[in-house]
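If you count the sequence shown from 1, position 78 lands on 78 in full-length UniProt numbering, and the numbers rise without skipping. Below: one structure, written as C-alpha cells.
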Amino acid sequence: MKYRSRTEIVAMILDAANGGATKTKIMYKAFLSYAQLREYLSVLIENNLIEYVEGSQAYKTTEKGLNFLKMHNEIGELLSSTAQK
C-alpha cells in the first residue's frame, strides 16, 4: 500500500468496526499489524470513537466515530471534486 495518513487509517478502522467487528476483521480490513491495531484501538477508545462490546468480544463505532467518518468522507469528496476542476 502507498503511504497513508493517520486520519485515513482511523477512518478505515472506524469503517471496519461499523456495526461491530472483531480485532482480526478490523486488522485485515485496515491493513494493519496486530501491534499497530492495538495502539490505534487504545487511542480510539480513549477518545470515544470506538467501543468494546463485552458480550460479543467485538468493537463498534460510536456516534462520535460515525460523525468522524461522515466528515472524513465529505472532505474526501470535496477534495476530489476540487482536483477534477
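Just so you know, even glycine gets a beta-carbon here, dropped at the ideal spot from N, CA and C.
From residue i to residue j, what does the alpha carbon distance come to, in whole angstroms?
i: residue 30; j: residue 74; result: 20 Å
i: residue 77; j: residue 49; result: 22 Å
i: residue 100; j: residue 62; result: As shown, the chain starts at 1 and ends at 85. That puts residue 100 outside it, with no answer to give.
i: residue 54; j: residue 3; result: 34 Å
Could you check where the beta strand (DSSP E) with residue i kicks off and where it finishes?
i: residue 29; result: Element bounds for residue 29: not the beta strand (DSSP E) but the alpha helix (DSSP H), 23–29.
i: residue 61; result: 58–61
On the CB-based measure, 16 or more other CB atoms within 10 Å of its CB, does residue i come out buried or exposed?
i: residue 21; result: buried
i: residue 11; result: buried
i: residue 71; result: exposed
i: residue 44; result: buried
Where does the unbroken alpha helix (DSSP H) through residue i begin, and where does it stop?
i: residue 52; result: Not the alpha helix (DSSP H): residue 52 falls in the beta strand (DSSP E), residues 50–53.
i: residue 3; result: Element bounds for residue 3: n/a, residue is neither H nor E.
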